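Undergrad:
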Amino acid sequence: MNAPVATDVASGRATPASAPHGTHITIRGLYKSFQGQPLYTNFDLDIPKAQITSVFGPNGCGKSTLINMVSGLLPFDAGQVLFDGKTLTDTKISYVFQNYREALFPWKRAIDNIKYPLQLAGQSKAECNRRAEELVASFEIKFDLHRYPYELSGGQQQLVSIMRALAPHPEVLFLDEPFSALDYEMTLFMRDKLQDIFQATRTTMILVSHDLEEAVYLADQVLLLTRRPTKIAEIVPFRSARPRHPETLTSDEFVRAKARCLDVFQREVRR
Amino acid sequence: MLRNKLAALTPAVGAILFVFAWWLLYASKLIDPVLLPSPQDSFKAIWDGFVGGALISDFLITVRRTLLAFVIAVIISVPFGIILGSSVRLYSSVEFLIDFFRSTPASALFPLFLVILGVGEETKIAVAAFGASLLILFNTAYGVMNARKTRQAAARVMGASRFRVMLDVTLLESLPQTFVGMRTGVSFALVIVIVAEMFIGSTDGLGQRVINAQMIFNMPEMYATIFAAGVLGYGLNLLFILIERKFVHWGGK
Chain V
1 MNAPVATDVA SGRATPASAP HGTHITIRGL YKSFQGQPLY TNFDLDIPKA
51 QITSVFGPNG CGKSTLINMV SGLLPFDAGQ VLFDGKTLTD TKISYVFQNY
101 REALFPWKRA IDNIKYPLQL AGQSKAECNR RAEELVASFE IKFDLHRYPY
151 ELSGGQQQLV SIMRALAPHP EVLFLDEPFS ALDYEMTLFM RDKLQDIFQA
201 TRTTMILVSH DLEEAVYLAD QVLLLTRRPT KIAEIVPFRS ARPRHPETLT
251 SDEFVRAKAR CLDVFQREVR R
Chain S
1001 MLRNKLAALT PAVGAILFVF AWWLLYASKL IDPVLLPSPQ DSFKAIWDGF
1051 VGGALISDFL ITVRRTLLAF VIAVIISVPF GIILGSSVRL YSSVEFLIDF
1101 FRSTPASALF PLFLVILGVG EETKIAVAAF GASLLILFNT AYGVMNARKT
1151 RQAAARVMGA SRFRVMLDVT LLESLPQTFV GMRTGVSFAL VIVIVAEMFI
1201 GSTDGLGQRV INAQMIFNMP EMYATIFAAG VLGYGLNLLF ILIERKFVHW
1251 GGK
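So the protein lines, in turn, are chains V and S.
For the first sequence, position 135 matches number 135 in the numbering used here, and the numbering has no gaps at all.
Here the numbering used here runs 1000 ahead of the position in the second sequence, where the first position is 1.
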């Protein structure tokens, strides 16, 4: 558990030459095992900039483990993760957790939760307030942000989590099954909200989802993983124009991409 | 409307029945009235004792000792609890000691403290503080140890240093459990102080007053003092629940 994070800083700040143009995150030679069981061995991956990459795969294949390692929440045994050639320490990232109840700070009002990362970054009170107002305006928030998180509905809490994540203008946004605890109506609303944010900010996003429909709907590419030891099964692109609407779900393009993902998924599950 | 008004009185039903049963028992003369005085006589003793009587001064002395013991316990054990709780290895190295002394009846330590501190104010407060501090210590440590990992991770991924995570997340996360420790700690301190007042050469305090009233068979006085001790215990618990609600409004949510 406490193995040091191995990052090879000596290799310099440039993106590895092997990575295609437009790559934001390069993962090279990633190793991770749990209690002697290898989960990732010599894992390589390029994640494109200003796109949404969905991560999908069989249960227990390590979807969340992957983004936790990339985001620095979980140490890995060996390997290198670079963001535009920079290490994690020089990169501003944000993370939206599945369990918003346990991720928000219940002792702070919603608005103060949103300002917290800005305070951590040492911004002045005026700067924090200005950024918070900006977010409130762009999210068209109708509920009272001066309430405590536990006084808000699940959807509202996750909205606050997302606002908190976006407050410091992150270069990369990680989302770990962000909508899986919400009802379907709220999920549809939040998907579109997230898509709006993406279109407005073009932030590189990595979304772990256990819902294939959602994974494809939001993604520019779907990263499909195999059973452990985890490999890339396939990367399925989905290039449908944005903004996508609920009608997108019935378009040929969507149906084809989703069918392709399902094929690969089933092949991997049966393997 | 009337129904609602009556419903509001429900919590008082038990107390009213209790006094009524007491009165019935008294009126039936089944028990010697010297041992069981009438509710009226007892209430009069309480009233006289509190209004300008000696009961109030003994009451305040017991309050002072209990709170002093409690404050000493908090000052010592909250910081230690935080330190112990922040390292599982550190805590497990002293867990046996804490559990052992927590399970040792604090009253069994009176002779030891008497030898060290003598028959004075210090001994009563020290034993009570000792007992309360162990309760607060292990609750605080558990609060810190059981802080939600997701919240700590959330702060860490936002770039908070270890120190900031501790200060901004772990400490607040542990607060509900710390308050549980403080609430049980203050009740415990009261128990020990009353016992100490009874048996350790005391000349004042509610404990000493109960024993004295019993020895001279002043039953209304004894019941009044027991009632005063009950009021104190209940009041302290209520006070801590109110403070808890104010300061850890998110507890259990």
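Ideal Cβ positions, reconstructed from N, Cα and C, are used throughout, including at glycine.
Please read these numbers as outputs of a predicted model, since none were measured by experiment.
Whose Cβ in chain B lies nearer than 7 Å to the Cβ of S/Leu1172?
TA: Absence of chain B from the displayed structure is noted, the protein chains being V and S.
Undergrad: Does the separation of the CB atoms of S/Leu1171 and S/Ile1098 fall below 8 Å?
TA: Position 171 of the second sequence, counted from the first residue, corresponds to residue 1171 of chain S. Position 98 of the second sequence, counted from the first residue, corresponds to residue 1098 of chain S. Contact flag unset, no.
Undergrad: Buried or exposed for V/Arg13, please, with buried defined as at least 16 other CB atoms from any protein chain shown within 10 angstroms of its CB.
TA: Looking up residue 13 of chain V in the first sequence gives position 13. A caution first: V/Arg13 carries a pLDDT of 48, below 50, which makes its placement in the model unreliable, though a value can still be read off. By the 10 Å Cβ count, V/Arg13 comes out exposed.
Undergrad: At a Cβ cut of 7 Å, what residues of the region 1172-1193 of chain S count as close to chain V, listed as they run along the chain?
TA: Under the 7 Å Cβ criterion, the region 1172-1193 of chain S contributes Leu1172.
Undergrad: Measuring only the C-alpha atoms, how far is V/Tyr95 from V/Ser180?
TA: By one-based count along the first sequence, residue 95 of chain V stands at place 95. By one-based count along the first sequence, residue 180 of chain V stands at place 180. Straight-line Cα distance between these residues: approximately 15 Å.
Undergrad: Hey, V/Leu88 and V/Gly62: beta-carbon distance below 8 Å or not?
TA: As a working note, residue 88 of chain V is residue 88 in the first sequence. As a working note, residue 62 of chain V is residue 62 in the first sequence. Against a cut-off of 8 Å, the Cβ pair of V/Gly62 and V/Leu88 comes out as no contact.
Undergrad: In terms of residue numbering, what span does the alpha helix (DSSP H) encompassing V/Ala259 cover?
TA: Stepping through the first sequence from its first residue, residue 259 of chain V is reached at position 259. 252-270 is the span of the alpha helix (DSSP H), which, as asked, contains V/Ala259.
Undergrad: Hey, is S/Trp1023's beta-carbon within less than 8 Å of any beta-carbon in chain V?
TA: Position 23 of the second sequence, counting from 1, holds the residue named residue 1023 of chain S. Judged by the 8 Å Cβ criterion, S/Trp1023 is not in contact with chain V.
Undergrad: With DSSP as the reference, label V/Glu234 as helix, strand or coil.
TA: Against the first sequence, residue 234 of chain V aligns to sequence position 234. V/Glu234: strand per DSSP, three-state reduction.
Undergrad: Going by CA-CA distance only, name the one from S/Arg1065, S/Ser1103, S/Tyr1142 that's closest to S/Pro1079.
TA: Taking the first residue of the second sequence as position 1, residue 1079 of chain S is located at position 79. S/Pro1079 has its Cα closest to that of S/Tyr1142, out of S/Arg1065, S/Ser1103, S/Tyr1142.
Undergrad: Beta-carbon within less than 8 Å of S/Ile1056's beta-carbon, same chain only, minus the 5 sequence neighbours each way: which residues are those?
TA: Here residue 1056 of chain S is taken as the residue at index 56 of the second sequence, counted from 1. Cβ neighbours of S/Ile1056 beyond the five flanking positions: Gly1049, Phe1050.
Undergrad: Grab me the residues of S/Trp1022's own chain with a C-beta within less than 6 Å of its C-beta, minus the 5 sequence neighbours each way, in chain order.
TA: Walking along the second sequence from the start, residue 1022 of chain S turns up at place 22. Cβ within range, chain order: Pro1039.
Undergrad: Any beta carbon from chain V within less than 8 Å of S/Arg1064's own beta carbon?
TA: Position 64 of the second sequence holds residue 1064 of chain S. No - not a single Cβ of chain V is within 8 Å of the one on S/Arg1064.
Undergrad: Go to V/Ser94, then tell me how far its beta strand (DSSP E) extends in each direction, as first and last residue.
TA: The count along the first sequence starts at 1 and reaches residue 94 of chain V at position 94. From DSSP, the beta strand (DSSP E) with V/Ser94 extends over 93-96.
Undergrad: What separation, rounded to the nearest whole angstrom, lies between the Cα atoms of V/Pro4 and S/Ile1192?
TA: As a position in the first sequence, residue 4 of chain V is number 4, starting the count at 1. As a position in the second sequence, residue 1192 of chain S is number 192, starting the count at 1. In this predicted model, V/Pro4 has a pLDDT of only 44, less than 50, meaning its place in the structure is not dependable enough to derive any value.
Undergrad: Would you kindly work out how many angstroms separate the C-alpha atoms of V/Asp252 and V/Thr23, rounded to a whole number?
TA: Counting from one through the first sequence, the residue named residue 252 of chain V turns up at place 252. Counting from one through the first sequence, the residue named residue 23 of chain V turns up at place 23. The straight-line gap from Cα to Cα measures roughly 28 Å.
Undergrad: For S/Ile1116, count the other beta carbons within 10 Å of its own beta carbon; 16 or more makes it buried, fewer makes it exposed. Which is it?
TA: Counted from its first residue, the second sequence places residue 1116 of chain S at position 116. Its Cβ having fewer than 16 others within 10 Å, S/Ile1116 is exposed.
Undergrad: Can you name the start and end residues of the beta strand (DSSP E) that V/Lys32 belongs to?
TA: Indexing the first sequence from 1 puts residue 32 of chain V at position 32. From DSSP, the beta strand (DSSP E) with V/Lys32 extends over 23-34.
Undergrad: Which residues in the same chain as V/Ala121 place their Cβ atom closer than 8 Å to its Cβ, once the five residues preceding and following it in sequence are excluded?
TA: To locate residue 121 of chain V, count along the first sequence from 1; it is residue 121. Once the five neighbours on either side are set aside, the close Cβ partners of V/Ala121 are Pro168.
Undergrad: Given that S/Thr1150 touches chain V, what residues does it touch there, using C-beta distances under 7 Å?
TA: Along the second sequence, one-based indexing puts residue 1150 of chain S at 150. Simply Phe97, Asn99, Glu102, Ala103.
Undergrad: Can you tell me which of the three DSSP states S/Val1013 falls into?
TA: Locating residue 1013 of chain S in the second sequence gives position 13, counting from the first residue. In this structure, S/Val1013 counts as helix in the three-state DSSP scheme.
Undergrad: Is it right to say V/Thr250 is buried, meaning 16 or more other beta carbons lie within 10 angstroms of its own, or is it exposed?
TA: The count along the first sequence starts at 1 and reaches residue 250 of chain V at position 250. The residue in question, V/Thr250, is exposed, as its Cβ has fewer than 16 Cβ neighbours within 10 Å.
Undergrad: Is the separation between the beta-carbon of V/Val269 and that of V/Pro58 shorter than 8 Å?
TA: The sequence position of residue 269 of chain V within the first sequence is 269, counting from 1. The sequence position of residue 58 of chain V within the first sequence is 58, counting from 1. Contact flag set, yes.
Undergrad: Looking only at its own chain, which residues have a Cβ that is under 7 Å from the Cβ of S/Arg1151, when we skip the five neighbours before and after it?
TA: Translated into positions along the second sequence, residue 1151 of chain S becomes position 151. Once the five neighbours on either side are set aside, the close Cβ partners of S/Arg1151 are Val1169, Glu1173.
Undergrad: Considering Cα atoms alone, identify which of S/Val1034, S/Ala1027, S/Lys1029, S/Leu1017 is closest to S/Met1222.
TA: Taking the second sequence and counting its residues from 1, the one referred to as residue 1222 of chain S is at position 222. It is S/Val1034.
Undergrad: In angstroms with no decimal places, state the Cα-to-Cα distance between V/Gln242 and S/Ala1154.
TA: Within the first sequence, the letter at position 242 stands for residue 242 of chain V. Within the second sequence, the letter at position 154 stands for residue 1154 of chain S. Before going on, a small fix: residue 242 of chain V reads as Arg here, not Gln. Distance between the alpha carbons of V/Arg242 and S/Ala1154: 30 Å.
Undergrad: Have a look at V/Ala219 and V/Gln119 and give me their C-alpha separation to the nearest angstrom.
TA: By one-based count along the first sequence, residue 219 of chain V stands at place 219. By one-based count along the first sequence, residue 119 of chain V stands at place 119. Roughly 32 Å between the two C-alpha positions.
Undergrad: As a quick exercise: from S/Ser1161, S/Pro1220, S/Phe1130, pick the residue whose alpha carbon is nearest that of S/Ala1069.
TA: In the second sequence, the residue the question calls residue 1069 of chain S occupies position 69. The shortest C-alpha separation from S/Ala1069 is found at S/Phe1130.
Undergrad: Along the chain, where does the alpha helix (DSSP H) that runs through S/Ala1084 open and close?
TA: One-based indexing of the second sequence puts residue 1084 of chain S at position 84. According to the sequence shown, residue 1084 of chain S is Leu rather than Ala. Its alpha helix (DSSP H) spans residues 1054-1085.
Undergrad: My output table needs one value for V/Ile47: the three-state DSSP class, helix, strand or coil.
TA: For this step, residue 47 of chain V is matched to residue 47 along the first sequence. Three-state DSSP puts V/Ile47 in a strand.
Undergrad: Quick one: which chain S residues come within Cβ less than 7 Å of V/Ser71?
TA: As a working mapping, residue 71 of chain V is identified with position 71 in the first sequence. Neighbours of V/Ser71 on chain S, chain order: Val1157.
Undergrad: Could you tell me the boundaries of the alpha helix (DSSP H) in which S/Ala1108 lies?
TA: Residue numbering aside, residue 1108 of chain S sits at position 108 when the second sequence is read from its first letter. Taken as a continuous stretch (DSSP letters only), S/Ala1108 belongs to no alpha helix (DSSP H), as it is neither H nor E.
Undergrad: Any beta carbon from chain S within less than 8 Å of V/Ala121's own beta carbon?
TA: Position 121 of the first sequence holds residue 121 of chain V. By this cut-off, V/Ala121 is an interface position.
Undergrad: State yes or no: is the beta carbon of S/Trp1250 nearer than 8 Å to at least one beta carbon in chain V?
TA: For the purposes of this step, residue 1250 of chain S is identified with residue 250 of the second sequence, where counting begins at 1. Chain V, which has a Cβ nearer than 8 Å to the Cβ of S/Trp1250, makes this yes.
Undergrad: For S/Met1198, collect the residues of the same chain with a Cβ closer than 6 Å to its Cβ; drop the 5 residues on either side in sequence, then sort them by chain order.
TA: Position 198 of the second sequence, counted from the start, is the residue given in the question as residue 1198 of chain S. So the qualifying residues of the chain are Gly1207, Ile1211.
Undergrad: What do you get for S/Val1157, buried or exposed, if any count of 16 or more other CB atoms within 10 angstroms of its CB means buried?
TA: As a first step, residue 1157 of chain S is located in the second sequence; it is residue number 157 there, counting from the start. The residue in question, S/Val1157, is buried, as its Cβ has 16 or more Cβ neighbours within 10 Å.
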